[in-house]
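Heads up: the structure comes next, in structure tokens.
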């Protein structure tokens, strides 16, 4: 936050907050950013899976076999924890980022927005899990 | 590069925001079933038999959901890793880091389009 | 008078004429049970060490002068009771600001950013006195009221991890105040402020740590303002494709 022109006396350099990046509330924030690595990796793994699906039965069977490897399973378990953590933090922060009005329309109260987000998450998860898992279609 | 990043920031932020919102919602069932359920035997393996999986994936809605599943998390990942880089004192290298990370997300997104088209 | 309890204050000292870098100095202060941190600092200055320099004014959390780091957290020292702390407290100047002397920081960088967002009513044509006053409904006021409560104490700047690492970032208070005027029904300066919000100090540098809102002593919720401002900037960016407009 240094000014564009130096002041009349010599100043000491700004000090960053001591708790940053792993102390106090910053820990959760740094972790939130760090989940970016898992999202990037899981996106590329999903790309591999979809690519295998488009490459024929043999490639698909091989992909499924690889997904059974303990390292893949551990990775996906870690990703699931990360996704839940991201969702909980994001659903807390999302409602107040909505504009107070869009044209004549006001958004719902913030607790209702949060409830709607959780409901949508539950519905999408349940619905798509049933489809993927063979319970539907 | 820095000026280009400033001009494209609204678009990147939109993609990142959807990466969190829609990406998180799509990733949860994917991880539960494909990442853990079937490999651990909690979900019958027949659910992901090739014919069934291919039929689901090549359906127009299936292609769209798979595109979202692959591409959107890449933008969340890229944006947050860039933020992490800045937080750890990387202000001066931000343009280079952003170009690398968003470049990866762009490549991944194009690859995702190709992957769902060839289903 | 209640019994005084001795507390130790480890205070940052920096004299630019004598010191190369800041150092700390400890003071033993007999504290009354109902004291705020500022009372102890004023006791140090009045009775122990008159060379200690610190800013303060109203003593009632409305002027924003007395912000400091207390045990690593940005606080208004006139507002925080000593009873919230143990026997030893660490008092430092606000983080992320250059230090002029002791607990006094250089706020000119913040003032430049604040002025750049034009935190006043901007009208295409000034309203003539004969036209009377503006009229605003309670609902219109409610849209921006919390953002208008900012006292420019800069605790949010000390808490923000982006401010710590990106010198050009406008920061929570400046964006919140600019957004306050964008939301004000009397204002017509949105387009002017968008140039600033999407310039070098870009609102998109905010990583939504939410620390600014956690430390704000006036419940301004600057994090909400900054992230609402991002949404507005996206609308401005998108409509710019449909409605081309000249930018300075």
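Protein chains in written order, with my numbering: chain A, 615 to 751; chain B, 753 to 871; chain C, 13 to 260. Backbone N, C-alpha and C fix where the C-beta goes; we use that ideal spot for every residue, glycine too. The model shown is predicted, which means the values in this text are computed figures rather than measured ones.
Query raised in the report: Who are the neighbours of residue 633 of chain A on chain C, taking C-beta pairs under 7 Å?
Result: For the purposes of this step, residue 633 of chain A is taken as residue 19 along the first chain, with counting starting at 1. Under the 7 Å cutoff, chain C gives 84.
Query raised in the report: Using a Cβ cut-off of 7 Å, which residues of the stretch 154-169 of chain C contact any Cβ in chain A, in chain order?
Result: 155 and 169
Query raised in the report: How big is the Cα-Cα spacing for residue 259 of chain C and residue 207 of chain C?
Result: Along the third chain, one-based indexing puts residue 259 of chain C at 247. Along the third chain, one-based indexing puts residue 207 of chain C at 195. The predicted model places residue 259 of chain C with a pLDDT of 49, which falls under 50 and marks its position as unreliable, so this point remains unresolved.
Query raised in the report: Is the Cβ of residue 772 of chain B closer than 7 Å to any Cβ of chain A?
Result: What you label residue 772 of chain B is simply residue 20 of the second chain in a count that begins at 1. Closer than 7 Å to some Cβ of chain A, the Cβ of residue 772 of chain B qualifies, so yes.
Query raised in the report: In the structure shown, what three-state DSSP assignment does residue 24 of chain C receive?
Result: By one-based count along the third chain, residue 24 of chain C stands at place 12. Of the three classes helix, strand and coil, the one that applies to residue 24 of chain C here is strand, per DSSP.
Report task. Only counting runs of 4 or more residues, tell me where the alpha helix (DSSP H) segments fall wholly within the stretch 664-733 of chain A, in order along the chain. Result -> List check, alpha helix (DSSP H) in window: 671-681 and 684-707.
Report task. Mind checking which residues open and close the beta strand (DSSP E) that includes residue 304 of chain C? Result -> Because residue 304 of chain C is not part of the residues shown, which for chain C are 13 to 260, the question remains open.
**Report entry** Interface residues of chain C facing residue 841 of chain B [CB-CB closer than 7 Å]
**Finding:** The residue you call residue 841 of chain B lines up with position 89 of the second chain. Per Cβ cutoff of 7 Å: 177.
Query raised in the report: Between the C-alpha atoms of residue 830 of chain B and residue 760 of chain B, what's the straight-line distance to the nearest angstrom?
Result: For the purposes of this step, residue 830 of chain B is taken as the residue at position 78 of the second chain. For the purposes of this step, residue 760 of chain B is taken as the residue at position 8 of the second chain. Our two residues, residue 830 of chain B and residue 760 of chain B, have alpha carbons roughly 14 Å apart in a direct line.
Query raised in the report: With burial defined as no fewer than 16 other Cβ atoms inside 10 Å of the residue's Cβ, what is the status of residue 763 of chain B: buried or exposed?
Result: Locating residue 763 of chain B in the second chain gives position 11, where the first residue counts as 1. Exposed, by the Cβ-count rule.
Query raised in the report: For the stretch 728-740 of chain A, which residues have a beta carbon sitting closer than 7 Å to at least one beta carbon of chain C?
Result: none
Report task. Look up residue 623 of chain A in the DSSP assignment and say whether it is helix, strand or coil. Result -> Mapped onto the first chain, residue 623 of chain A falls at position 9. It is coil, neither helix nor strand.
**Report entry** Cutoff 7 Å: residue 220 of chain C Cβ touching any chain A Cβ
**Finding:** Counting from 1 along the third chain, the entry for residue 220 of chain C is found at position 208. Closer than 7 Å to some Cβ of chain A, the Cβ of residue 220 of chain C qualifies, so yes.
Query raised in the report: Is the shortest distance between the beta-carbon of residue 844 of chain B and the beta-carbons of chain C less than 7 Å?
Result: Position 92 of the second chain holds residue 844 of chain B. No, residue 844 of chain B does not count as interfacial toward chain C.
**Report entry** Residues that residue 677 of chain A contacts on chain C, provided the C-beta gap is smaller than 7 Å
**Finding:** Numbered from 1 along the first chain, position 63 holds the residue referred to as residue 677 of chain A. Simply none; closest approach about 35 Å.
**Report entry** First through last residue of the beta strand (DSSP E) which encompasses residue 103 of chain C
**Finding:** Start at 1 with the first residue of the third chain, and residue 103 of chain C comes out as number 91. From DSSP, the beta strand (DSSP E) with residue 103 of chain C extends over 100-104.
Query raised in the report: Under 9 Å Cβ-Cβ, which residues of chain C neighbour residue 630 of chain A?
Result: As a working mapping, residue 630 of chain A is identified with position 16 in the first chain. 107, 108, 173, 176 and 177, listed in chain order.
Query - Residues, ordered as in the chain, of the stretch 677-703 of chain A that lie near chain C by beta-carbon distance below 8 Å - result: Correct list: empty, as no residue qualifies.
Query raised in the report: Where do the ends of the alpha helix (DSSP H) carrying residue 204 of chain C lie?
Result: Reading the third chain from its first residue, position 192 is the one you call residue 204 of chain C. From DSSP, the alpha helix (DSSP H) with residue 204 of chain C extends over 202-209.
**Report entry** Contact list for the stretch 20-43 of chain C against chain A, Cβ threshold 7 Å
**Finding:** 26, 28, 33 and 34
**Report entry** Residues of its chain near residue 73 of chain C, where Cβ-Cβ distance is below 7 Å and the 5 sequence neighbours each way are ignored
**Finding:** In the third chain, residue 73 of chain C corresponds to position 61, counting from 1. Counting only Cβ-Cβ distances below 7 Å, and skipping sequence neighbours, we find 88, 90, 91 and 229.
Report task. Anything in the stretch 754-773 of chain B with a Cβ closer than 7 Å to a Cβ of chain C? List those residues in chain order, please. Result -> 758, 761, 762, 765 and 766
Report task. Evaluate residue 35 of chain C with the Cβ neighbour count: other Cβ atoms within 10 Å of its Cβ, from every protein chain shown; 16 or more gives buried, anything less gives exposed. Result -> Position 23 of the third chain holds residue 35 of chain C. Answer is exposed; the Cβ neighbour count stays below 16.
**Report entry** Cβ neighbours of residue 794 of chain B in the same chain (closer than 8 Å, five flanking residues each side left out)
**Finding:** The sequence position of residue 794 of chain B within the second chain is 42, counting from 1. Closer than 8 Å at the Cβ level, and outside the excluded window around residue 794 of chain B, lie 788.
Query raised in the report: So, does the CB of residue 815 of chain B fall closer than 7 Å to a CB anywhere in chain A?
Result: For the purposes of this step, residue 815 of chain B is taken as the residue at position 63 of the second chain. For residue 815 of chain B, the answer is no, since every Cβ of chain A falls outside 7 Å of its Cβ.
Query raised in the report: Do residue 310 of chain C and residue 179 of chain C have their C-beta atoms closer together than 7 Å?
Result: There is no way to answer for residue 310 of chain C, as the model of chain C reaches only from 13 to 260.
**Report entry** Residue range of the unbroken beta strand (DSSP E) whose run includes residue 86 of chain C
**Finding:** By one-based count along the third chain, residue 86 of chain C stands at place 74. Counting along the chain, the beta strand (DSSP E) containing residue 86 of chain C begins and ends at 85-88.
**Report entry** Nonlocal neighbours in the same chain, by C-beta distance under 7 Å from residue 656 of chain A, ignoring five residues either side
**Finding:** Here residue 656 of chain A refers to the residue found at position 42 when the first chain is read from its first residue. The residues are 693.
Query raised in the report: Of the choices A:710, A:631, A:673 and A:632, whose alpha-carbon is the least far from that of residue 156 of chain C?
Result: To locate residue 156 of chain C, count along the third chain from 1; it is residue 144. Taking only the C-alpha atoms, the option nearest residue 156 of chain C is A:710.
Query raised in the report: In the stretch 821-841 of chain B, which residues sit with their C-beta less than 7 Å from some C-beta in chain C, listed in chain order?
Result: Under the 7 Å Cβ criterion, the stretch 821-841 of chain B contributes 835, 838, 839 and 841.
Requested in this report: Please name the residue or residues paired with residue 93 of chain C in a DSSP beta bridge.
Outcome: Taking the third chain and counting its residues from 1, one reaches residue 93 of chain C at position 81. DSSP lists C:48 as partners of residue 93 of chain C.
Requested in this report: Please name the residue, chosen from C:118, C:172, C:152 and C:29, that lies closest to residue 632 of chain A on a Cα-to-Cα basis.
Outcome: Taking the first residue of the first chain as position 1, residue 632 of chain A is located at position 18. Check the Cα spacing between residue 632 of chain A and each of C:118, C:172, C:152 and C:29: the tightest is with C:172.
Query raised in the report: What in chain A is Cβ-close to residue 216 of chain C, meaning under 9 Å?
Result: If you number the third chain from 1, residue 216 of chain C lands on position 204. Ordered by position in chain A, no residue passes the 9 Å Cβ test against residue 216 of chain C, which lies about 13 Å from the chain.
Requested in this report: Scan the stretch 236-250 of chain C for residues whose Cβ lies nearer than 7 Å to a Cβ of chain B and list them as they occur along the chain.
Outcome: 242, 245, 246 and 249
Query raised in the report: Using CA coordinates, which residue listed in B:855, B:825, B:809 and B:847 is at the minimum distance from residue 778 of chain B?
Result: The residue labelled residue 778 of chain B in the question sits at position 26 within the second chain. It is B:825 whose Cα lies nearest to the Cα of residue 778 of chain B.
**Report entry** Alpha-carbon spacing of residue 870 of chain B relative to residue 667 of chain A, whole angstroms
**Finding:** Your numbering for residue 870 of chain B matches position 118 in the second chain. Your numbering for residue 667 of chain A matches position 53 in the first chain. Looking at the two C-alpha atoms, the distance is approximately 9 Å.
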